[in-house]
Structures are given as C-alpha cells and as structure tokens.
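First the structure, in the form of structure tokens, and then the observations on it.
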Amino acid sequence: MMTAVEHQLCDQMQLCNEHYRTMLQFMENLYHDLPRLSPLAVRESMRTLDQMQAQAKQYDQQLRALVQQTGLEALPDDLLAVRTRLLEDVAKTNNLLVDLLEGKIVMIESELRRNRKGQSAMSGYRQTTAGRGKLVRVNF
1235 MMTAVEHQLC
1245 DQMQLCNEHY
1255 RTMLQFMENL
1265 YHDLPRLSPL
1275 AVRESMRTLD
1285 QMQAQAKQYD
1295 QQLRALVQQT
1305 GLEALPDDLL
1315 AVRTRLLEDV
1325 AKTNNLLVDL
1335 LEGKIVMIES
1345 ELRRNRKGQS
1355 AMSGYRQTTA
1365 GRGKLVRVNF
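Note that my numbering numbers the sequence shown so that position 130 is 1364, with each residue one more than the last.
Okay, structure coming up:
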C-alpha cells in the first residue's frame, strides 16, 4: 500500500512526464517549421520554449523534493522508464534544434553583412552638403 507522499510522487512524475511529452512535441514541430519561420516567429517560439523549460525545472524541483522524502525505490519503474526515454528524446531534439538555429543565424548574419555593404555603397551617392531639397545641377 502506498503512502500519501508516494501517491504525490507518482502524480508528480506523471505531471513531469506529460510536460516533457508536450515540450518534446513543441520542439519537434519547431524543428520542422523552423526553415520557413520569420526571425520574429523564431524569437517567439524560443520564448515559449524557454517558458516550458522553466516550468519543467519547477516540476523537477518538486519531484526531487518528493524523492528525497520517499527514496528512489518508491518510483514506479514504468514511470521512470518513460521519463528516461523522454529526457533522451528532448536532449536529441534540442541538439537538432541548436544545429538548425545556428545555421539560420549564420544565414541571417550573412544577409545583414550584405545589406550593410549595400548601405555603405549607397552612402557614396549621398550628397555631402547640409542643404536638403536643393536641386543638383550637372553640366554635360
């Protein structure tokens, strides 16, 4: 028969597992959508992922506190196996996301450099005098 704390432990483990499952699904969707997302959409998605990770950290802290009260042997093996698999999958997907994001960052930085070079080139055509709105006269 399980004690009240052991029931809390199982409930917390199920909550953690469900949260990691949701986070994994979000990360997988982001990985597939990332190539066609705008920088703003990527930023928003990363904020959402940060919030999900912060929530996972809170859940894990609560789980850790319960494990300290009951010991690891109170954890059901099936829930522990699911958690282990989910954490491995989250880590793998995170690595894939990091690689893809780094590639997108390189591409955006390249576009910025090109745009800055274009601005530098265009600055050579700017009028250097302070007077704006004057006619430019050219003799041919």
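A virtual CB, placed ideally from N, CA and C, is assigned to each residue, including glycine. Treat the numbers as computed from the prediction; the structure is a model and nothing was measured.
* **Whole-angstrom distance between GLU1345 and ASP1312, CA atom to CA atom** => By one-based count along the sequence shown, residue 1312 stands at place 78. By one-based count along the sequence shown, residue 1345 stands at place 111. ASP1312 and GLU1345: Cα-Cα distance of roughly 49 Å.
* Asked: Are ASP1258 and ASP1333 close, meaning C-beta to C-beta below 8 Å?
  -> For the purposes of this step, residue 1258 is identified with residue 24 of the sequence shown, where counting begins at 1. For the purposes of this step, residue 1333 is identified with residue 99 of the sequence shown, where counting begins at 1. Residue identity check: residue 1258 is Leu in the sequence provided, not Asp. No, these two residues do not count as a Cβ contact at 8 Å.
* Grab the span of the alpha helix (DSSP H) containing MET1286 for me, first residue to last. => Taking the first residue of the sequence shown as 1, we reach residue 1286 at position 52. Run containing MET1286: 1273 to 1304, per the alpha helix (DSSP H) assignment.
* Asked: Would you say LEU1331 and MET1247 are within 8 Å of each other, going by their C-beta atoms?
  -> Position 97 of the sequence shown holds residue 1331. Position 13 of the sequence shown holds residue 1247. Their beta carbons are not under 8 Å apart, which means LEU1331 does not touch MET1247 by this criterion.
* To do: Whole angstroms is fine: what's the gap from THR1237's alpha carbon to THR1304's?
  => Here the question's residue 1237 lines up with position 3 in the sequence shown. Here the question's residue 1304 lines up with position 70 in the sequence shown. THR1237 and THR1304: Cα-Cα distance of roughly 9 Å.
* Asked: For MET1236, does the three-state DSSP call read helix, strand or coil?
  -> Taking the sequence shown and counting its residues from 1, the one referred to as residue 1236 is at position 2. DSSP places MET1236 in coil when its eight states are reduced to three.
* Presumed contact (8 Å Cβ cut-off) between ALA1290 and TYR1254, rounded CB distance -> Looking up residue 1290 in the sequence shown gives position 56. Looking up residue 1254 in the sequence shown gives position 20. With a Cβ gap of about 6 Å, ALA1290 and TYR1254 count as contacting.
* Reduced DSSP category for LEU1330 - H, G, I as helix; E, B as strand; rest coil -> Here the question's residue 1330 lines up with position 96 in the sequence shown. DSSP places LEU1330 in helix when its eight states are reduced to three.
* Asked: What's the gap between the Cα of LEU1335 and the Cα of MET1235?
  -> Residue 1335 sits at position 101 when you count from the first residue of the sequence shown. Residue 1235 sits at position 1 when you count from the first residue of the sequence shown. Distance between the alpha carbons of LEU1335 and MET1235 is about 49 Å.
* Best match in ASN1328, GLU1343, LYS1351 for proximity to MET1286 [C-alpha to C-alpha] -> As a working mapping, residue 1286 is identified with position 52 in the sequence shown. Considering only alpha carbons, the answer is ASN1328.
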